[in-house]
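Engineer: Below you'll find the structure I mean.
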């Protein structure tokens, strides 16, 4: 076997060295379609880039992935910039991406659309807008202290409504520190002891990169449900930021924002003058109408000839009183006559009716009493007969008639046992038709008689 061979590790290291040292492969930009992408939170991202004929492994380290500004998605066509190298454990070559952006659309624009879609789905853009106060006393402004925005706002407010107080809350409006600066000033306004009527937030024109702090998600969420009405004026009239979607009013320029926030004092004075004139005219009209009504009232007979009206009314009332008196006399007489007739009739008829009813009731009671006496007599007779029959059954004489007799001693006491008598005693035998006297010759007990029979 030949001694001239290379190990897999050796050839892999050699190929990796050649790729790493090639100046054409240290920084390359590849156009391809994202494939096999699965988002790994808080980690490096691994996927493939492919076209119709080939594919290459790709990796983006976490520090670079957090800066791309848009959501990477499966199937997205991208331009990926990085270094071509070889990964020894698998022997495959890959691109380590340091920068990536969508094909045909800028990365910031894509990030704008993706965040806009996300926030709109949450309902942040469909919340009810607050009305801008008509006559503000204090307005807070979040913008750069050195730009033209604050100058335009203060000039416009001073010209239109000089009694309104403007307070600047200076913020960085461009660059990486801008978002935190804007949010900090929004919190200061919210927690301030000054009671502001309106907030104006904005900056001058610029590129999408310059305006990007007003598209940051944290800034947009800081303005959602803000306690006072918000007017946004970011960039030029053609520029649109996500802050505009959560503001209560979007103004094209800082001057327009100041005009939305304040009324024109001259217009207010003209309106007041108009209302004053209308009020005076209305009062004059009311006074004229009241004066005419007063004259009409003063010319009425009730005020010009009151006694005449009183006399006529008195005569009328006297006539009514006479009629009522006559009517009452007539009615009373008729009532008295009717009362007497009815009273007499009621008295005779009532007595007659009561007598008739009394007789009927008496007759009814007599009949009931007679029936009750007869029924009671029958019941008592039956009861007496039953008692007599029971007594007859218990009468000793009735027993004697059946052939029985009663033995008595000389004292008339009934003898019930041979133990109550002695030999030679004189006994009386009571029968149904008389008494027989006899002398005891012999006494035998029942058991002795039964034994003799046996």
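In my numbering, the protein residues as written are -18 to 435. C-beta atoms are modelled at their ideal positions from N, C-alpha and C, and glycine is treated no differently. None of the values given here were measured: they were computed from a predicted structure.
Around the Cβ of residue 394, are there at least 16 other Cβ atoms within 10 angstroms (buried) or fewer (exposed)?
Structural biologist: Exposed.
Engineer: Within 10 angstroms of its Cβ, does residue 150 collect 16 or more other Cβ (buried), or is it exposed?
Structural biologist: Buried, by the Cβ-count rule.
Engineer: Straight-line CA distance for residue 242 to residue 49?
Structural biologist: Cα to Cα, residue 242 sits roughly 38 angstroms from residue 49.
Engineer: Can you list, in chain order, the stretches of the alpha helix (DSSP H) that have 4 or more residues and sit fully within the segment 181 to 246?
Structural biologist: The segment 181 to 246 contains these whole alpha helix (DSSP H) runs: 189 to 192, 198 to 204, 223 to 227, 235 to 242.
Engineer: Since residue 501 sits in a beta bridge, which residues does DSSP pair it with?
Structural biologist: The first residue shown for the chain is -18 and the last is 435, placing residue 501 beyond what the model contains.
Engineer: Thinking C-alpha only, which one of 117, 39, 171 is nearest residue 146?
Structural biologist: Looking at the Cα atoms, 117 is the closest of the given residues.
Engineer: Which of the three DSSP states, helix, strand or coil, is assigned to residue 418?
Structural biologist: The answer is strand: DSSP assigns residue 418 an E or B state.
Engineer: If you draw a straight line from the alpha carbon of residue 295 to that of residue 279, how long is it in whole angstroms?
Structural biologist: Those two C-alpha atoms are separated by around 23 angstroms.
Engineer: Would you check if the distance between the CB atom of residue 197 and the CB atom of residue 160 is smaller than 9 angstroms?
Structural biologist: Contact: yes.
Engineer: Assign residue 317 to buried or exposed, taking buried as 16 or more other Cβ atoms, counted over all protein chains shown, within 10 Å of its Cβ.
Structural biologist: Residue 317 should be labelled exposed.
Engineer: Pairing CB atoms from the segment 174 to 191 with CB atoms from the segment 210 to 219, are three or more of them under 8 angstroms?
Structural biologist: Yes, they touch.
Engineer: With respect to the alpha helix (DSSP H) encompassing residue -6, which residues constitute its N-terminal and C-terminal limits?
Structural biologist: Segment -11 to 2, the alpha helix (DSSP H) holding residue -6.
Engineer: With distances taken between CB atoms, is the gap from residue 113 to residue 229 smaller than 9 angstroms?
Structural biologist: Yes. Within cutoff.
Engineer: With 16 as the cutoff for other CB atoms within 10 Å, does residue 92 come out buried or exposed?
Structural biologist: It counts as buried.
Engineer: Ordered along the chain, which non-local residues of its own chain (more than five positions away) have a Cβ less than 6 angstroms from that of residue 68?
Structural biologist: Correct list, in chain order: 75.
Engineer: Between the C-alpha atoms of residue 28 and residue 237, what's the straight-line distance to the nearest angstrom?
Structural biologist: Each residue's alpha carbon lies about 49 angstroms from the other.
Engineer: Only counting the same chain, and skipping five residues up and downstream in sequence, which positions put a Cβ closer than 6 angstroms to that of residue 416?
Structural biologist: The residues are 409.
Engineer: With C-beta atoms as the reference, is residue 226 less than 9 angstroms away from residue 106?
Structural biologist: Yes, they are a contact pair.
Engineer: Quick check on DSSP: helix, strand or coil for residue 385?
Structural biologist: Looking at residue 385 - three-state DSSP - the assignment turns out to be coil, as it is neither helix nor strand.
Engineer: Looking at C-alpha atoms only, which residue of 350, 309, 423, 73 is the closest neighbour of residue -4?
Structural biologist: Taking only the C-alpha atoms, the option nearest residue -4 is 73.
Engineer: Using 9 angstroms as the threshold, is the C-beta distance between residue 65 and residue 0 below it?
Structural biologist: For residue 65 and residue 0, yes; Cβs fall inside 9 angstroms.
Engineer: Would you say the segment 188 to 202 touches the segment 246 to 263, given that touching needs at least three Cβ pairs under 8 angstroms?
Structural biologist: Segments in contact, no.
Engineer: Helix, strand or coil: how does DSSP classify residue 6 here?
Structural biologist: Helix at residue 6.
Engineer: Would you call residue 220 buried or exposed, if buried means 16 or more other Cβ atoms sit within 10 Å of its Cβ?
Structural biologist: The residue is buried, with at least 16 neighbouring Cβ atoms inside 10 Å.
Engineer: Quick one: what's residue 121 bridged to in DSSP?
Structural biologist: 148, 180.
Engineer: Any idea what DSSP makes of residue 293, helix, strand or coil?
Structural biologist: Three-state result, residue 293: helix.
Engineer: Could you give the distance in angstroms between the alpha-carbon of residue 90 and the alpha-carbon of residue 247?
Structural biologist: The alpha-carbon atoms of residue 90 and residue 247 are separated by roughly 44 angstroms.
Engineer: Which residues mark the beginning and the end of the alpha helix (DSSP H) in which residue 141 is found?
Structural biologist: First-last of the alpha helix (DSSP H) with residue 141: 129 to 141.
Engineer: Quick one: what does DSSP say residue 67 is sitting in, helix, strand or coil?
Structural biologist: Looking at residue 67 - three-state DSSP - the assignment turns out to be strand.
Engineer: Just the C-alpha distance for residue 100 and residue 52, rounded to the nearest angstrom, thanks.
Structural biologist: Using only the alpha carbons, I get a separation of about 14 angstroms.
Engineer: I believe residue 96 touches residue 204 by the beta-carbon criterion, under 8 angstroms. Please report the beta-carbon distance rounded to the nearest angstrom.
Structural biologist: No, residue 96 and residue 204 are not in contact; Cβ-Cβ is about 14 angstroms, not under 8 angstroms.
Engineer: Which residues bound the beta strand (DSSP E) around residue 410?
Structural biologist: Here the beta strand (DSSP E) through residue 410 covers 407 to 412.
Engineer: Applying the 10 Å Cβ sphere with the 16-neighbour rule, what's the burial state of residue 351?
Structural biologist: Exposed, since its Cβ has fewer than 16 Cβ neighbours within 10 Å.
Engineer: How big is the Cα-Cα spacing for residue 419 and residue 411?
Structural biologist: Distance between the alpha carbons of residue 419 and residue 411 is about 11 angstroms.
Engineer: When you compare the CB positions of residue 25 and residue 9, do they come within less than 9 angstroms of one another, or not?
Structural biologist: Contact: no.
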